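Per our numbering, the sequence shown starts with residue 680, numbered consecutively.
All C-beta atoms in this analysis are idealised placements derived from N, C-alpha and C, irrespective of residue type, glycine included.
Owing to the predicted nature of the structure, the values given are computational and were not obtained by experimental measurement.
Heads up: the structure comes next, in structure tokens.
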Amino acid sequence: MSDDEIFAAAYREHYWAVSRYVARRLDGRTSEVEEVVAEVFTVAWRRRADLPASPLPWLYGVARNCLANAVRGQGRRRRLVDRLGNDHTAHRRHVVSGPGTETPGDWVHEALARLAPGDQEVLRLTAWEQLGIDEVAVALGCG
Numbered sequence: 680m681s682d683d684e685i686f687a688a689a690y691r692e693h694y695w696a697v698s699r700y701v702a703r704r705l706d707g708r709t710s711e712v713e714e715v716v717a718e719v720f721t722v723a724w725r726r727r728a729d730l731p732a733s734p735l736p737w738l739y740g741v742a743r744n745c746l747a748n749a750v751r752g753q754g755r756r757r758r759l760v761d762r763l764g765n766d767h768t769a770h771r772r773h774v775v776s777g778p779g780t781e782t783p784g785d786w787v788h789e790a791l792a793r794l795a796p797g798d799q800e801v802l803r804l805t806a807w808e809q810l811g812i813d814e815v816a817v818a819l820g821c822g
């Protein structure tokens with residue numbers, strides 16, 4: 680199989696798994712999820728000659744890096760908006776939702792937030808993405 684065919688197969692087989700991985704980490708913010716997933720597969724396309732035989736853990740590693748870039752970008756945008764004096768946006772970030780606005784699974788995200796970032800990611804990869812320890816190592820760039 681050519682590199683293009685290998686990429687196409689990886690895309691078809693793993694698009695939804697990568698989308699779910701990203702969505703769970705961005706709390707379902709659809710437009711951001713789509714942007715990050717597009718970036719993941721753009722990187723995979725550029726590096727299609729390097730795709731491993733079992734590409735999903737590798738794609739999760741790429742997604743992890745793309746998510747980190749997206750989070751940094753959000754922080755920069757938020758700081759810029761704050762400096763520009765958009766009081767409505769700054770105020771909205773500090774408003775606590777009422778008890779009737781809780782969505783299913785909020786408690787999971789709250790519990791995860793209490794863990795160290797590395798522990799959060801290991802738990803997500805094993806529990807949500809159902810990766811084995813060797814695959815977790817690949818996704819985290821340790822193996």
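Pairwise C-alpha distance: residue j and residue i
i	j	result
HIS773	SER733	Because HIS773 sits at a pLDDT of 44, beneath the cut-off of 50, its placement in the model cannot be relied upon, and the point is left open.
GLY726	TYR739	The residue you asked about is not Gly; residue 726 is Arg in the sequence shown. So the alpha carbons of these two residues sit roughly 14 Å apart.
ASP785	ALA728	40 Å
CYS821	GLU814	10 Å
ALA723	VAL787	31 Å
ALA702	LEU735	16 Å
Distance between beta carbons of residue j and residue i, contact taken as under 8 Å
i	j	result
LEU791	LEU802	7 Å
Residue i, DSSP secondary structure in three states
i	result
GLU800	helix
ARG793	coil
SER698	helix
ALA732	coil
ASP706	coil
ALA818	helix
LEU810	coil
ALA769	Note that ALA769 scores 47 on pLDDT, short of 50, meaning its location in the model is unreliable; the coordinates nonetheless yield the value given after this. ALA769 falls in the helix class under three-state DSSP.
Nearest neighbour of residue i, chosen from the options [CA to CA]
i	options	result
VAL817	ALA742, ASN748, GLU789 and PRO796	ALA742
ALA746	TRP724, GLU718 and PRO736	It is Leu, not Ala, that sits at residue 746 in the sequence shown. Measuring from the Cα of LEU746, the nearest candidate turns out to be GLU718.
TYR690	ASN744, VAL716, ARG703 and ARG708	VAL716
VAL712	ASN748, MET680, GLU692 and ASP683	ASN748
ARG704	TRP807, ALA795, ILE812 and ARG757	TRP807
TYR694	MET680, TRP737 and ASP682	TRP737
LEU730	GLU714, SER681, LEU819 and ARG699	SER681
GLY797	ARG751, ILE812, LEU819 and GLU789	LEU819
ASP683	THR709, VAL697, THR721 and ALA795	THR721
GLU714	LEU810, VAL750 and ARG793	VAL750
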